[in-house]
Amino acid sequence: MSDDLGRVPSGPDHSGSAPSPSVSASGECSSRDGWRPIATLPKDGEAFLAADARIAGGFQQVVFWDDDPPRVGWELSTADGPSYHRKAFTHWMPLPEPPAAEGIADGADPPCPRRDKWFRGCRFEPRYDVGAPDMTGMGRVRFADAEDAGPFYEALKPKTYLHDICVQCGKVVDRGGAR
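Under the UniProt record's numbering, the final residue of the sequence shown carries the number 179; numbering is consecutive throughout.
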């Protein structure tokens with residue numbers, strides 16, 4: 001499910017509850033509803049709600065400006081992975097203040113110290129120790145193209161689980177076992 005620009009909504013709240021930007025015939029955004037032109041968006045890593053008024057019903061996504069984009073021009077990133085081109089949206093608005101924390105439950109991980117920049121707290125990814133490929137008993141393997149050999153050798157490398165690490169703040173957690 002993607003729109004004409006090839007964007008795919010990410011997460012269950014991709015449509016959000018914020019109103020779509022109201023755009024006049026001249027293409028100007030109504031400032032009374034909080035939407036601002038995308039040219040004025042902050043480039044400091046803060047999360048904000050972006051919308052594309054060119055699509056019927058609007059397309060909304062929480063994004064932040066990424067100074068190290070995966071590809072040139074794709075500076076708008078989400079905390080859960082997808083990136084968007086800087087021209088994918090027409091308007092933006094600040095996110096509302098999050099509800100006050102009641103406290104952290106016993107045994108729960110404390111919130112990510114960078115959650116003000118990364119709106120959902122810690123995001124853990126597993127880390128592995130990767131060894132050399134085990135070619136014992138394989139004999140001679142030939143490939144028509146050198147590019148075909150890469151994925152083959154990668155699949156043969158043994159992986160040993162080390163720990164999980166927050167990709168935002170660097171916090172290390174041992175969740176135990178192979179992932």
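We put the CB at the ideal spot given by N, CA and C, even for glycine.
Are residue i and residue j touching if we call contact CB-CB under 8 angstroms?
i: residue 93; j: residue 152; result: no
i: residue 89; j: residue 52; result: yes
i: residue 87; j: residue 122; result: no
i: residue 83; j: residue 64; result: no
i: residue 91; j: residue 140; result: no
According to DSSP, is residue i helix, strand or coil?
i: residue 125; result: strand
i: residue 130; result: strand
Within 10 Å of its beta-carbon, does residue i have 16 or more other beta-carbons around it, so buried, or fewer, so exposed?
i: residue 160; result: exposed
i: residue 130; result: exposed
i: residue 62; result: buried
i: residue 39; result: exposed
i: residue 50; result: buried
i: residue 41; result: buried
Quick one: residues in its chain with C-beta nearer than 6 angstroms to the C-beta of residue i, no 5 flanking neighbours on either side, listed in chain order?
i: residue 133; result: 153, 156, 157
Looking at the strands, I want to know which residues DSSP matches up with residue i.
i: residue 92; result: 36, 50
i: residue 64; result: 47, 77
i: residue 164; result: 126, 173
i: residue 159; result: 130
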